[in-house]
Structure formats: structure tokens, C-alpha cells
Amino acid sequence: MNNNLINVDYFKKVFYKSLLPLEKINEFLSTLNAENVDPVTEVLISIFNVRIIDTLLEDFDDLEDKKQFLRMCQDDFQNPKILDFLVEKFPGSQEIISETIERTILSANKSLSD
Amino acid sequence: MSAQTQTPSEELIKLKRYLEKTKTDFSKGNTDLLEWLHDRNLKIENLGKITDSDQTNIESAANSVDSQVIEKFAKEPTEKVKLETEISLEEYDAIFEKLVNLLVLPAGQLERESELYLEQQLTDLLGFDVAAKLDDQQLNHSTGLLGPEPHLKRYPNDELKNHDDVLEAGIANARSAFGWFVNHGQITPEATQFEKYYFSLQLYHLETWSSHYKELKEWYKFRKMIAINPMEKIAVVGVVGNIDHESQLKKQFGASPEIIREGMIWSPKSRGKILLMFVDDPENKVPLGPIDFKQLFKQN
Chain A
515 MNNNLINVDY FKKVFYKSLL PLEKINEFLS TLNAENVDPV TEVLISIFNV
565 RIIDTLLEDF DDLEDKKQFL RMCQDDFQNP KILDFLVEKF PGSQEIISET
615 IERTILSANK SLSD
Chain B
173 MSAQTQTPSE ELIKLKRYLE KTKTDFSKGN TDLLEWLHDR NLKIENLGKI
223 TDSDQTNIES AANSVDSQVI EKFAKEPTEK VKLETEISLE EYDAIFEKLV
273 NLLVLPAGQL ERESELYLEQ QLTDLLGFDV AAKLDDQQLN HSTGLLGPEP
323 HLKRYPNDEL KNHDDVLEAG IANARSAFGW FVNHGQITPE ATQFEKYYFS
373 LQLYHLETWS SHYKELKEWY KFRKMIAINP MEKIAVVGVV GNIDHESQLK
423 KQFGASPEII REGMIWSPKS RGKILLMFVD DPENKVPLGP IDFKQLFKQN
């Protein structure tokens, strides 16, 4: 395995940090030029955020529930209560998030090789 | 090409382009939330960013389109343009009510009364002269739909990756109808700004085009204009940078990706409807870029 390239500071402020596949992220970062790791990590987190929230919103039928979820994200994005809220609404939320992250890493890889 | 053979900027550009795509997908899939997100100034991609004290984050944020827009809103109108606004809140509201009502109507030229009223009020509000008619020149439309255009090649071997932002808009194959954006072979900061904030106008439809195209082309080339989006209370100053061949029935004007984005031209509220006027700026004092009327009014 490559050296650990993950700067945890970038990942500690997201509510889904317990679900991050750190090895896979590290593997992805190790394919990049070393000086790019920090800015790429930051963009990668932005992509994770958009993809994860987009996917989760699809599960909400009620617009008010969507807004409540987004309000919680805006108020304190690292609050683990967001994950509790999601799991209560949809028991499979953690799996959805994990799958979304893995798919996003694959797509990010593909976007770099295009 | 493997990732490691790419230069650092290529990697970042590609990944940022992918981010833009995810944002576009998000917008398409959540149209019912866009206005609400906008009202709350909630940008999903910015959630969870590390603290401002982190230098990397500060640099990254400073380079984002949103930050650049905010910076422009904050600085340019106050530093570069001397404002002489003396408009009351009632007048301010009346201007935008008038504009919104005008844009509900079919695209076209303004009635003389509306034209005079808006020229006067917008000139007062903006602090520089705007006009629907300048040097006896008038477009076939002052109001209409402003469609998105791709980036333009500024010089013969220019590529999409050389442009700063909104790379997903692509780049036109042909050069601008006015030629390259270079000055004696050099791409100057001013020329870069011209491409960044350009309008594309359907000048071929002007009544006198066939008989006076040489003079008209010369007069319109890089002529400063302002697009006003009353629904979002944002204006963008740009230059005429291309001539559009399309029919005037579908859309009446075109603009660069930056104008479309920074002017929030296709927001759910705006739907592309704008007022386009000439900027009378013989001393070239009015900077190109967005102007936030809300901030402009607050500052005065």
C-alpha cells in the first residue's frame, strides 16, 4: 500500500466520515501528482457532498423532509445526528452513502483518464 | 493517458470539470429545491470545508467562481466606478417592477416612454450612462432571451483548458466574427476580459447591415453593453464579442459562459429574460463583470 496521503483535516467535517473508505481514497490520491493531493482532496470532498446529498434526496418523498435534511447539513455538516436522522428515515442510508462514495471514486478516476 | 502523466493543473481541471457536472446533475434533479437553496445561500459543494485559518482552503475558496463573483460585487462598483446614486427605495422597487413587467411581454424594442424612464433611472442607479440607442445605433431587440454560448478561441491555438472557468460550456470551433482577441499577437488582460464577458448579437438582422456592414462591424466590435437581469437584481457588463447567425425567433442574444453564470441568467426565476443596453463609456472607466443591484443600492 502507498504511504498515507490523506490529510484527515479535510475529511473530519463531514457527517459521513465514519463511512469513508480511506484505503480506496488513498489509492486514488496515490495515482496523482504529489503536489496535487491537497487541492484534489478538497474538490473530491465537494464531489462526494453533491453526489451523496443528491442520491439521498431522491429517497425523500416530502419536500419538507428534504428541506429539514438540508437545514441540518447547513447548520452543522459534521454533526453525526444527520446520519441518525437519515437512518431513522431510511434504514439503508449508510449503505447508500458507502455505495455512492465508491461509485464517485470510480467516476473521478474515469474523469481523470478521459 | 494515466493520471500520473498529467500535469497538476490538468488533473485539477478535469476533476473540477467533473465537479461542475455533478452540480449540473444535482440542479437538474432537484429543480424543486433550487430557489430555496439559493435563498438560504446554501451551496452543497461547500459544506464541510475546513476552517478559514487553513491556508489551502483560503486559497481554494478565493479561486472559486462564487468567491470571485462576491469579490467583484464588493469591490468593482465602489472602487472603479464613481457612483452617484440618489434613488429612494420606492424608486428602486419601481424600476425593477417596471423591468419585470416589460420582460413578460414578447421580445422587442422598448416603447419610447419606457426607454427614457429606464435609461434615466438605471443611469442614476448604476452611476454610469446606459442607453437603448447610442450614436444612432439600436438593436432590433432591447428585451429578449439571452442564450448561452461556448467559450471563444482568443488566438489560433487557444484551447478550452486555457480558459479559467465554466469549462463544461466547451469552446467554439471557429473564431469570433470579429477575429482573434489578441492585440499585436499578444493576449492582454483586457482581451482576456473581453472573451470572458462577451455578448453575441444577431447583427446580420439589422436593417442597414447589408448596405453598411463594414461601418457597423467596426462600430459594434467590442462595444460595451450591459445585460440586466431584474429577477435576480444582477447586471453584467460585457462587450460585443461575436455575431450570431441564428434566427431571432428562438433567442435574441447570446453571451459567454461567465455572463450566463455570474448574471444568473437561467436561474429558475429569470429563465433567460433580460434587458440589454449600450454602455456609454468613452473613457473606458466601467469595468466588465457582474454588478449586484442589491449591494449597489445598500452601499448608497
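Chains as they are written, first to last, in the working numbering: chain A, 515 to 628; chain B, 173 to 472. Glycine included, every Cβ here is placed at the ideal spot set by N, Cα and C.
> In terms of residues, what are the limits of the alpha helix (DSSP H) holding M397 (chain B)?
Replying inline: To locate residue 397 (chain B), count along the second sequence from 1; it is residue 225. Here M397 (chain B) belongs to no alpha helix (DSSP H); instead the beta strand (DSSP E) covers K396 to N401.
>> Strictly by DSSP, which residues pair up with V409 (chain B)?
In response: In the second sequence, residue 409 (chain B) corresponds to position 237, counting from 1. V409 (chain B) is bridged to B:I398 and B:G461.
>> I want to verify the contact list: residues of chain D whose CB lies under 9 angstroms from the CB of D568 (chain A), in sequence order.
In response: Checking the listed chains, one finds no chain D in this structure; the protein chains it contains are A and B.
> Fully enclosed by the stretch 335-401 of chain B, which beta strand (DSSP E) runs are 3 residues long or longer?
Replying inline: 370-373 and 396-401
>> Please classify L577 (chain A) as buried or exposed, where buried requires at least 16 other C-beta atoms within 10 Å of its C-beta.
In response: Here residue 577 (chain A) refers to the residue found at position 63 when the first sequence is read from its first residue. Exposed is the call here.
>> Please confirm whether R617 (chain A) has its beta-carbon closer than 8 angstroms to some beta-carbon of chain B.
In response: On the first sequence, position 103 is the one that residue 617 (chain A) refers to. Chain B, which has no Cβ nearer than 8 angstroms to the Cβ of R617 (chain A), makes this no.
>> Taking only three categories from DSSP, how would you classify F469 (chain B)?
In response: Translated into positions along the second sequence, residue 469 (chain B) becomes position 297. Helix, per DSSP.
> Expressed to the nearest angstrom, what Euclidean distance is found between the alpha-carbon atoms of R565 (chain A) and D265 (chain B)?
Replying inline: By 1-based counting over the first sequence, the position of residue 565 (chain A) is 51. By 1-based counting over the second sequence, the position of residue 265 (chain B) is 93. One C-alpha to the other measures close to 39 angstroms.
> Based on the DSSP secondary-structure assignment, which residues constitute the bridge partners of I446 (chain B)?
Replying inline: Taking the second sequence and counting its residues from 1, the one referred to as residue 446 (chain B) is at position 274. Answer is B:G316, bridged to I446 (chain B).
> Are the beta-carbon atoms of P459 (chain B) and G435 (chain B) separated by less than 8 angstroms?
Replying inline: By 1-based counting over the second sequence, the position of residue 459 (chain B) is 287. By 1-based counting over the second sequence, the position of residue 435 (chain B) is 263. For P459 (chain B) and G435 (chain B), no; Cβs fall outside 8 angstroms.
>> Please confirm whether G342 (chain B) has its beta-carbon closer than 8 angstroms to some beta-carbon of chain A.
In response: Counting from 1 along the second sequence, the entry for residue 342 (chain B) is found at position 170. No, no contact with chain A.
> Per DSSP, which one or two residues make a beta bridge with F562 (chain A)?
Replying inline: Reading the first sequence from its first residue, position 48 is the one you call residue 562 (chain A). Beta-bridge pairing links F562 (chain A) to no other residue.
> Along chain B, which residues have their Cβ under 7 angstroms away from the Cβ of K580 (chain A)?
Replying inline: Translated into positions along the first sequence, residue 580 (chain A) becomes position 66. L205, listed in chain order.
> For F394 (chain B), which residues from the same chain have a beta carbon less than 8 angstroms from its beta carbon, with the 5 sequence-adjacent residues on both sides left out?
Replying inline: Taking the first residue of the second sequence as 1, we reach residue 394 (chain B) at position 222. Result list for F394 (chain B): F350, F366, V411, V412 and G413, in chain order.
> Taking DSSP as the reference, what is the three-state secondary structure of N540 (chain A)?
Replying inline: In the first sequence, the residue the question calls residue 540 (chain A) occupies position 26. The answer is helix: DSSP assigns N540 (chain A) an H, G or I state.
>> Rounding to the nearest angstrom, what Cα-Cα distance links Q467 (chain B) and L297 (chain B) in this structure?
In response: Residue 467 (chain B) sits at position 295 when you count from the first residue of the second sequence. Residue 297 (chain B) sits at position 125 when you count from the first residue of the second sequence. Rounded to whole angstroms, Q467 (chain B) to L297 (chain B) spans 11 angstroms at the Cα level.
> Since P402 (chain B) contacts V272 (chain B) with CB under 8 angstroms, what's their CB separation in whole angstroms?
Replying inline: As a first step, residue 402 (chain B) is located in the second sequence; it is residue number 230 there, counting from the start. As a first step, residue 272 (chain B) is located in the second sequence; it is residue number 100 there, counting from the start. Indeed, because the Cβ distance is near 5 angstroms, the residues count as touching under 8 angstroms.
> For Y392 (chain B), which of B:F450, B:R189, B:G426 and B:S383 has the nearest alpha-carbon?
Replying inline: Taking the second sequence and counting its residues from 1, one reaches residue 392 (chain B) at position 220. Among B:F450, B:R189, B:G426 and B:S383, the Cα nearest to that of Y392 (chain B) belongs to B:F450.
> Just to confirm, are L571 (chain A) and K581 (chain A) a CB contact at a threshold of 8 angstroms?
Replying inline: As a first step, residue 571 (chain A) must be located in the first sequence, where it is residue number 57. As a first step, residue 581 (chain A) must be located in the first sequence, where it is residue number 67. Result no, Cβ atoms of L571 (chain A) and K581 (chain A) do not sit closer than 8 angstroms.
> Any residues in the stretch 540-557 of chain A with a beta carbon nearer than 7 angstroms to a beta carbon of chain B? Which ones, in chain order?
Replying inline: T545, L546, N547, E549, N550, D552, P553, V554, E556 and V557
> To the nearest whole angstrom, what separates the beta carbons of L191 (chain B) and E217 (chain B), a pair I think is in contact under 8 angstroms?
Replying inline: The count along the second sequence starts at 1 and reaches residue 191 (chain B) at position 19. The count along the second sequence starts at 1 and reaches residue 217 (chain B) at position 45. Right, their Cβ atoms sit about 7 angstroms apart.
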